[in-house]
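Enquirer: Protein chains in written order, with the numbering used here: chain A, 722 to 963; chain F, 722 to 963.
Number of protein chains: 2
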Amino acid sequence: MVVLVEPQLPENIGMVARAMLNCGLTRLRLVRPRELWPNDKAVAAASGADRVLDDARLYPSTAAAIADLEYVCATTARPRYMTKQVLTPRSAAMALRTREAGGVATGLLFGREASGLDNDDVALAQAVVTVPLNAGFSSLNLGMAVLLLGYEWFAAGAVAVAEAELVMPEPTKPATQAELQGFYDHLEGELDACGFLRNTDKRPSMVRNLRNLFGRAQLTQQEIRTLRGVVTCLVEARHAKR
Amino acid sequence: MVVLVEPQLPENIGMVARAMLNCGLTRLRLVRPRELWPNDKAVAAASGADRVLDDARLYPSTAAAIADLEYVCATTARPRYMTKQVLTPRSAAMALRTREAGGVATGLLFGREASGLDNDDVALAQAVVTVPLNAGFSSLNLGMAVLLLGYEWFAAGAVAVAEAELVMPEPTKPATQAELQGFYDHLEGELDACGFLRNTDKRPSMVRNLRNLFGRAQLTQQEIRTLRGVVTCLVEARHAKR
Chain A
722 MVVLVEPQLP ENIGMVARAM LNCGLTRLRL VRPRELWPND KAVAAASGAD RVLDDARLYP
782 STAAAIADLE YVCATTARPR YMTKQVLTPR SAAMALRTRE AGGVATGLLF GREASGLDND
842 DVALAQAVVT VPLNAGFSSL NLGMAVLLLG YEWFAAGAVA VAEAELVMPE PTKPATQAEL
902 QGFYDHLEGE LDACGFLRNT DKRPSMVRNL RNLFGRAQLT QQEIRTLRGV VTCLVEARHA
962 KR
Chain F
722 MVVLVEPQLP ENIGMVARAM LNCGLTRLRL VRPRELWPND KAVAAASGAD RVLDDARLYP
782 STAAAIADLE YVCATTARPR YMTKQVLTPR SAAMALRTRE AGGVATGLLF GREASGLDND
842 DVALAQAVVT VPLNAGFSSL NLGMAVLLLG YEWFAAGAVA VAEAELVMPE PTKPATQAEL
902 QGFYDHLEGE LDACGFLRNT DKRPSMVRNL RNLFGRAQLT QQEIRTLRGV VTCLVEARHA
962 KR
């Protein structure tokens, strides 16, 4: 799954569709494209990859666009100073392919042309992908970035997938991003209630850091239930005293 | 050296320049571009890679453009039925790099957008490069083709490992196992106190599962402090009610 967050130019969306189909990728999601959608300029730039554009789906937020995905990589050209695995396109392709072979729903996030992904979007992902190119001129055209990742994804598929990074015991399944979001809402609500997040200046970065560390752990559905139980237990003991 | 034979659209020449500079390639030669040269549309599409365009040189024929080169690869999407080595981009990059290291002047030939290189041009080259992508939709945008070859060329020259598993922002350091254990003791003590771990049969596996998920996240020292703050905050609110 390729997810474009707030793409600005329909021509670039078209070039992304063409690059995707070059690499055998067909499923595209768009978060708040700036221009009207569907768009003739995108069709012209797709040079025949119309089916990718026709099947593209629109979402109101990044969280909504990745809600059903279980492993998400965020692409970024600059360091984000988050404690998160940073992959080359080749390693990311292997990480995606091994998970896909195990039935895991995966996604690749790309930001807007001018500024890339927000830190809040990056924090939602399980890993970061950076293309190691000329550090003095590293800004890739959006379609080119998609092509590079797609090229490595295509190549990685030719390699026999013999290993999975995380072994999931049956019948445990990886948590979806929506389940992860549900846990974040729960935890942050309780941390607001107890005053942990009362510093409004620091709140955004504190929330991001918490999400980042839990997002990195690639939690299972069972672990999400456990963590919610942990939070509920600590809080209920408090309420019982009232 | 990148040689574009009869490029049709100045926008594509600009995108080629950008892709080249992304990959640290700066020397561009143009054989009979269809539109006026220099061209403002090319500059706009280059997104800052002006120096590549400024230094581009014009030639009246492919033969003239590659006259001083010693090893030339021709890119093509379709089989040419010539007895000639056919390389993947990765192999071509290695072939170019090893020759360059030996002082050999090398070049990469790209054809016009609509039809690629003439067989006559291909015949001038020492080897052919074909990008192994979706056979059902294999026509790459010109800039994208240059980027893929440039990406592999760049990677082939990278001596340093371009990837770190976890990027630690200064001055954050990874937590030691002792610090992790301190957090486990803290959390488990509070979960005993609030009754979450009261089932003595299940307690060992519940503790193991919690440690497993936090251990997997490769926490930093700062994150350990944050998590201990989270637990303390939830618990202190309870104690305050006593």
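Ideal Cβ placement from N, Cα and C applies to all residues, glycine included. Treat the numbers as computed from the prediction; the structure is a model and nothing was measured.
Answer yes or no: do Gly828/A and Val793/A have a C-beta to C-beta separation smaller than 8 angstroms?
Expert: Along the first sequence, one-based indexing puts residue 828/A at 107. Along the first sequence, one-based indexing puts residue 793/A at 72. Yes, these two residues count as a Cβ contact at 8 angstroms.
Enquirer: So, does the region 722 to 740 of chain A touch the region 856 to 869 of chain A, judging by three or more C-beta pairs under 8 angstroms?
Expert: Output reads yes: the region 856 to 869 of chain A touches the region 722 to 740 of chain A.
Enquirer: Less than 8 angstroms separating the beta-carbons of Glu727/F and Arg750/F?
Expert: Indexing the second sequence from 1 puts residue 727/F at position 6. Indexing the second sequence from 1 puts residue 750/F at position 29. Against a cut-off of 8 angstroms, the Cβ pair of Arg750/F and Glu727/F comes out as no contact.
Enquirer: Tell me the residue span of the alpha helix (DSSP H) that contains Val825/A.
Expert: Residue 825/A sits at position 104 when you count from the first residue of the first sequence. No alpha helix (DSSP H) contains Val825/A, which DSSP labels as neither H nor E.
Enquirer: Below 7 angstroms CB to CB, which residues in the same chain sit around Gly878/A once its five sequence neighbours on both sides are set aside?
Expert: Position 157 of the first sequence, counted from the first residue, corresponds to residue 878/A. For Gly878/A, where only same-chain residues beyond five positions count, the Cβ hits under 7 angstroms are Arg818.
Enquirer: If we count the other Cβ atoms within 10 Å of its Cβ and call it buried at 16 or more, is Thr783/F buried or exposed?
Expert: Start at 1 with the first residue of the second sequence, and residue 783/F comes out as number 62. Looking at its Cβ environment, which holds 16 or more other Cβ atoms inside 10 Å, Thr783/F is buried.
Enquirer: Got a sec? Which residues, its chain only, sit under 6 angstroms from Ala770/A by beta carbon, not counting five neighbours each side?
Expert: Walking along the first sequence from the start, residue 770/A turns up at place 49. So the qualifying residues of the chain are Ala738, Arg739, Leu742.
Enquirer: Mind checking the region 765 to 781 of chain A against chain F and listing, in chain order, the residues whose C-beta falls within less than 8 angstroms of any C-beta there?
Expert: Under the 8 angstroms Cβ criterion, the region 765 to 781 of chain A contributes Ser768, Gly769, Ala770.
Enquirer: Counting Cβ pairs closer than 8 angstroms, one from the region 808 to 825 of chain A and one from the region 845 to 861 of chain A, do we hit at least three?
Expert: Cβ pair count under 8 angstroms is three or more, so yes.
Enquirer: Please check if any C-beta of chain F sits within less than 8 angstroms of the C-beta of Cys744/A.
Expert: Position 23 of the first sequence, counted from the first residue, corresponds to residue 744/A. So yes, Cys744/A belongs to the interface.
Enquirer: In the structure shown, what three-state DSSP assignment does Gln806/A receive?
Expert: Here residue 806/A corresponds to residue number 85 of the first sequence, with the count starting at 1. Note: Gln806/A maps to strand in three-state DSSP.
Enquirer: Going along the chain, which residues of the region 897 to 920 of chain F sit with their C-beta nearer than 7 angstroms to a C-beta in chain A?
Expert: Answer set for the region 897 to 920 of chain F: Glu911, Leu912, Cys915, Gly916, Phe917.
Enquirer: Any idea what DSSP makes of Gly916/F, helix, strand or coil?
Expert: Here the question's residue 916/F lines up with position 195 in the second sequence. Three-state DSSP puts Gly916/F in coil, outside helix and strand.
Enquirer: Mind listing, in chain order, the continuous beta strand (DSSP E) runs of no fewer than 3 residues lying wholly within the region 733 to 815 of chain A?
Expert: If we require 3 residues or more, the beta strand (DSSP E) runs fully inside the region 733 to 815 of chain A come out as 749 to 752, 778 to 780, 792 to 796.
Enquirer: Name the chain F residues whose beta carbon is nearer than 8 angstroms to that of Gly864/A?
Expert: Locating residue 864/A in the first sequence gives position 143, where the first residue counts as 1. The answer, in chain order, is Asn862, Met865.
Enquirer: With C-beta atoms as the reference, is Phe917/F less than 8 angstroms away from Val951/A?
Expert: Within the second sequence, the letter at position 196 stands for residue 917/F. Within the first sequence, the letter at position 230 stands for residue 951/A. A contact, by the Cβ cut-off of 8 angstroms.
Enquirer: Find the nearest neighbour of Thr947/F within the set Val843/F, His907/F, Val773/F, Ala856/F, judged by alpha-carbon distance.
Expert: Mapped onto the second sequence, residue 947/F falls at position 226. If we check each option's Cα against that of Thr947/F, His907/F comes out closest.
Enquirer: Could you tell me the distance, in whole angstroms, from the CA atom of Ile945/A to the CA atom of Thr897/A?
Expert: Your numbering for residue 945/A matches position 224 in the first sequence. Your numbering for residue 897/A matches position 176 in the first sequence. Rounded to the nearest angstrom, the two C-alpha atoms are 10 angstroms apart.
Enquirer: Use the C-beta contact count for Tyr872/A: other C-beta atoms within 10 angstroms, 16 or more gives buried, fewer gives exposed.
Expert: Reading the first sequence from its first residue, position 151 is the one you call residue 872/A. Answer is buried; the Cβ neighbour count reaches 16.
Enquirer: With DSSP as the reference, label Leu869/A as helix, strand or coil.
Expert: The residue labelled residue 869/A in the question sits at position 148 within the first sequence. Helix.
Enquirer: For Ala844/A, which residues in the same chain have their Cβ closer than 7 angstroms to its Cβ, ignoring the five residues on either side in sequence?
Expert: Locating residue 844/A in the first sequence gives position 123, where the first residue counts as 1. Around Ala844/A: Met803, Arg929, Arg932, Asn933, Gly936.
Enquirer: Verify the CB distance criterion: does Ser859/A have a CB-CB separation below 8 angstroms to chain F?
Expert: Stepping through the first sequence from its first residue, residue 859/A is reached at position 138. Taking Cβ atoms only, chain F reaches closer than 8 angstroms to Ser859/A, which makes this a yes.
Enquirer: Quick check: is the beta carbon of Cys794/F nearer than 8 angstroms to any beta carbon in chain A?
Expert: For the purposes of this step, residue 794/F is taken as the residue at position 73 of the second sequence. Answer no: the Cβ-Cβ gap between Cys794/F and chain A never drops below 8 angstroms.
Enquirer: By DSSP, does Leu948/A sit in helix, in strand, or in coil?
Expert: Taking the first residue of the first sequence as 1, we reach residue 948/A at position 227. Leu948/A falls in the helix class under three-state DSSP.
Enquirer: Would Leu746/F pass as a contact of Pro759/F if the rule is Cβ separation under 8 angstroms?
Expert: Here residue 746/F refers to the residue found at position 25 when the second sequence is read from its first residue. Here residue 759/F refers to the residue found at position 38 when the second sequence is read from its first residue. No.
Enquirer: Report, in whole angstroms, the separation of the C-beta atoms of Ala816/A and Asp789/A, which I expect to be a contact under 8 angstroms.
Expert: One-based indexing of the first sequence puts residue 816/A at position 95. One-based indexing of the first sequence puts residue 789/A at position 68. Contact flag wrong, Cβ pair sits at about 19 angstroms.
Enquirer: What is the residue span of the beta strand (DSSP E) that Ala856/F lies within?
Expert: Residue 856/F sits at position 135 when you count from the first residue of the second sequence. Segment: none, Ala856/F is in no beta strand (DSSP E) and carries neither H nor E.
Enquirer: Taking any Cβ of chain F, which residues in the region 808 to 833 of chain A have a Cβ under 9 angstroms from it, in chain order?
Expert: Going along the region 808 to 833 of chain A in chain order, one finds Leu808, Thr809, Pro810, Arg811, Ser812 with a Cβ nearer than 9 angstroms to chain F.
Enquirer: Can you pull the chain A residues whose beta carbon is under 7 angstroms from the beta carbon of Thr797/F, in chain order?
Expert: For the purposes of this step, residue 797/F is taken as residue 76 along the second sequence, with counting starting at 1. Per Cβ cutoff of 7 angstroms: no residues; Thr797/F is ~15 angstroms from chain A at best.
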